[in-house]
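Asks: Position 277, counted from 1, in the sequence shown is what UniProt numbering calls 277; the numbers after and before it change by one each time, with no gaps.
The beta carbon of each residue, even a glycine, is placed where N, CA and C say it ideally should be.
The structure's right below; bear with me while I get my questions together.
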Amino acid sequence: MKSARSRLSLSARPPRDKGPRVSSAPRKPQVAPADRKLLLLNKPYMVLCQFTDEAGRETLKDYIKEPGIYAAGRLDRDSEGLLLLTNDGKLQARLTQPGEKTPKTYWVQVEGVPSEAALKALRAGVELNDGMTLPAGARIMDEPDVWPRNPPIRERKEIPTCWLEIKIVEGRNRQVRRMTAHIGHPTLRLIRYAIGDWTLDDLAPGESRSLPAPELAPLAHSSPRRSGQTGQPHNPLAARPAGSKPGGQTQTTNPASAGNKPRSGGRGTARRPARGGQS
């Protein structure tokens, strides 16, 4: 004789709570359209791309005093140049979304002078330990008019150096440095000059410029390009150059005026050199 087992009737299940679900994770407050902000910072050498550090190293907090601002993307501690910050979560997400392929321009001082074959390899894509890189822009450029680095790079008298302009649409860890090392020309100095249409022009190390946040363009669902196919990357933002004044004036902040002393030497700003060399 089979033993009787208690059965739970579906109708006996406790009713579900149909009230609104409450997430335990804190959500960032939405920013009113008039309060959306975008900051362009020329991140100095050896400054961490975060606001706190238990080891006491320089961070963004030493240069950005405005509350509620956070970085949209990252820049290595030993790299310099343009970093975007915002108080708008949607803008931050759009800027860092890999699928949007926002172009980023780097000025890279390398050891030696790459051959045209080496530059063609960068343009076509190179095999790194985490896979093939997407096609990139790569050319030899004239030495840019930028601030001196402190400390300066280590140069070997018997080996020349040159500057490259490299444009990528990816954001892998230390990607540009690994790309130049792959073709046999280690990176000595790396400056991010531009993200999309925003540039470093007229920003000294440690200085920031406040701009009205751009309107977000609708998400594009374009078909992916085949490997090796070139073209203008999609820019997801209705961006304006760094020096423009859409809907109001820009404001430049110099941390030195607030008592900070940036570690980077010199007061120079980045200037785009005349196009020269190989393209």
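Note down, in chain order, each residue of its chain lying with its Cβ closer than 7 Å to the Cβ of A138, except the 5 sequence neighbours on either side.
Replies: Contacts found: L119, L122, R123, L164, I166.
Asks: Give a yes or no on whether the C-beta atoms belonging to T199 and L82 are separated by under 8 Å.
Replies: Yes; because the gap between Cβ atoms is below 8 Å, this pair is in contact.
Asks: State buried or exposed for I153, treating a residue as buried only when at least 16 other CB atoms are found within 10 Å of its CB.
Replies: Its Cβ having fewer than 16 others within 10 Å, I153 is exposed.
Asks: Compute the minimum distance between the beta carbon of G99 and the heavy atoms of the ligand FMN, and state whether it is under 7 Å.
Replies: In terms of ligand content, the structure shown is empty, and the ligand FMN therefore cannot be addressed.
Asks: What's the C-alpha gap between K37 and E127?
Replies: Distance between the alpha carbons of K37 and E127: 38 Å.
Asks: Whole angstroms are fine: how far does the CA of S115 sit from the CA of R74?
Replies: Each residue's Cα considered, the two are about 30 Å apart.
Asks: Please classify M141 as buried or exposed, where buried requires at least 16 other C-beta atoms within 10 Å of its C-beta.
Replies: Burial call: buried.
Asks: Could you check what DSSP says for K120 in three-state terms: helix, strand or coil?
Replies: Three-state result, K120: helix.
Asks: Please return the same chain residues whose Cβ sits closer than 8 Å to the Cβ of G56, not counting the five positions on each side in sequence.
Replies: Excluding residues within five positions, none has a Cβ falling inside 8 Å.
Asks: State yes or no: is the C-beta of V146 within less than 8 Å of the C-beta of A270?
Replies: Yes.
Asks: Figure out for me which residue from R156, S208, A213 has the closest Cα to the Cα of P186.
Replies: The shortest Cα separation from P186 among R156, S208, A213 belongs to R156.
Asks: CB residue 281 to CB P44, shorter than 8 Å?
Replies: A query on residue 281 cannot be resolved here, the shown segment of the chain reaching from 1 to 279 and no further.
Asks: In whole angstroms, what separates the C-alpha of L134 from that of P148?
Replies: So the alpha carbons of these two residues sit roughly 32 Å apart.
Asks: List the DSSP bridge partners of Q109.
Replies: Its beta-bridge partners are W163, R189.
Asks: Classify P214 as buried or exposed, calling it buried when 16 or more other Cβ atoms lie within 10 Å of its own Cβ.
Replies: Buried: at least 16 other Cβ atoms inside 10 Å.
Asks: Between the beta-carbon of L190 and the beta-carbon of S79, is there less than 8 Å?
Replies: Contact: yes.
Asks: Let me make sure I understand the geometry here. Which of L203, E170, Q175, T180 has the alpha-carbon closest to that of Q97?
Replies: The shortest C-alpha separation from Q97 is found at E170.
Asks: What residues in its chain sit with their C-beta under 8 Å from that of R174, if we drop five residues either side in the sequence?
Replies: Closer than 8 Å at Cβ, skipping near neighbours: D76.
Asks: Under DSSP, the alpha helix (DSSP H) around A72 begins and ends at which residues?
Replies: Element bounds for A72: n/a, residue is neither H nor E.
Asks: Pick helix, strand or coil for A138, following the three-state DSSP scheme.
Replies: DSSP places A138 in strand when its eight states are reduced to three.
Asks: If you run the structure through DSSP and keep just helix, strand and coil, what is G89?
Replies: In this structure, G89 counts as helix in the three-state DSSP scheme.
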